[in-house]
Amino acid sequence: VPTPMHGGGWETVSRARDGPAKAFPRLASAPQPIDNPEKDKGLQQVLQFAIKEHDKAGNNRHSSQVVQIISAKKQVTVGVKYTTEVEISQTTEHTICKFIVLSVPWQNQINLLENNKCRQ
Numbered sequence: 001v002p003t004p005m006h007g008g009g010w011e012t013v014s015r016a017r018d019g020p021a022k023a024f025p026r027l028a029s030a031p032q033p034i035d036n037p038e039k040d041k042g043l044q045q046v047l048q049f050a051i052k053e054h055d056k057a058g059n060n061r062h063s064s065q066v067v068q069i070i071s072a073k074k075q076v077t078v079g080v081k082y083t084t085e086v087e088i089s090q091t092t093e094h095t096i097c098k099f100i101v102l103s104v105p106w107q108n109q110i111n112l113l114e115n116n117k118c119r120q
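The C-terminal residue of the sequence shown carries number 120 in the numbering used here, and the numbering is unbroken.
This is the structure we're talking about:
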């Protein structure tokens, strides 16, 4: 049964028939690998956003394209936090970038938390 905790947040209280109530804090989930990243609509949306932001920050004349998703994880926090490592390209030059994006769909928000981890 969800009940309010002191200081905000919620806890889940389990009431056993023959024992005392037990409280378990409700925590954000641990990062989970995305099994089929090419078909995950949320991941595809945040990758498009991350690539646009990456291109804006680099004043790129050509739009970058995702060549390959190397790894992708998602974690439920105040929204859904995506941690990705992708190979991107502009023309013939390929770069591997790590993007961390927070998506809060019910508030229509997407924020790029990290975009400074690119290497050739």
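Cβ coordinates follow ideal geometry from the N, Cα and C atoms, glycine included.
Does the Cβ-Cβ distance between residue i and residue j come in under 8 Å?
i	j	result
V66	I110	no
K157	P31	Outside the shown range of the chain (1 to 120) lies residue 157, about which nothing can therefore be said.
T77	I88	no
Y82	S103	yes
T91	H54	no
I70	E85	yes
For the alpha helix (DSSP H) holding residue i, just list the boundary residues, first then last.
i	result
Q90	No alpha helix (DSSP H) contains Q90, which is instead part of the beta strand (DSSP E) from V80 to Q90.
A72	Run containing A72: none in the alpha helix (DSSP H); it sits in the beta strand (DSSP E), Q65 to V76.
Would you mind giving the Cβ-Cβ distance between residue i and residue j, rounded to the nearest angstrom? I have them listed as a contact below 8 Å.
i	j	result
A50	N115	7 Å
What residue range is occupied by the uninterrupted beta strand (DSSP E) comprising residue i?
i	result
E53	Not the beta strand (DSSP E): E53 falls in the alpha helix (DSSP H), residues K41 to A57.
R119	Q109 to R119
E38	Careful: E38 lies outside any beta strand (DSSP E) and carries neither H nor E.
H94	E93 to V104
Which residues share a DSSP beta bridge with residue i?
i	result
I34	DSSP lists no partner for I34.
Compute the minimum distance between the beta carbon of residue i and the heavy atoms of the ligand SAH, and state whether it is under 7 Å.
i	result
V86	The ligand SAH is absent from the structure shown, which contains no ligands of any kind.
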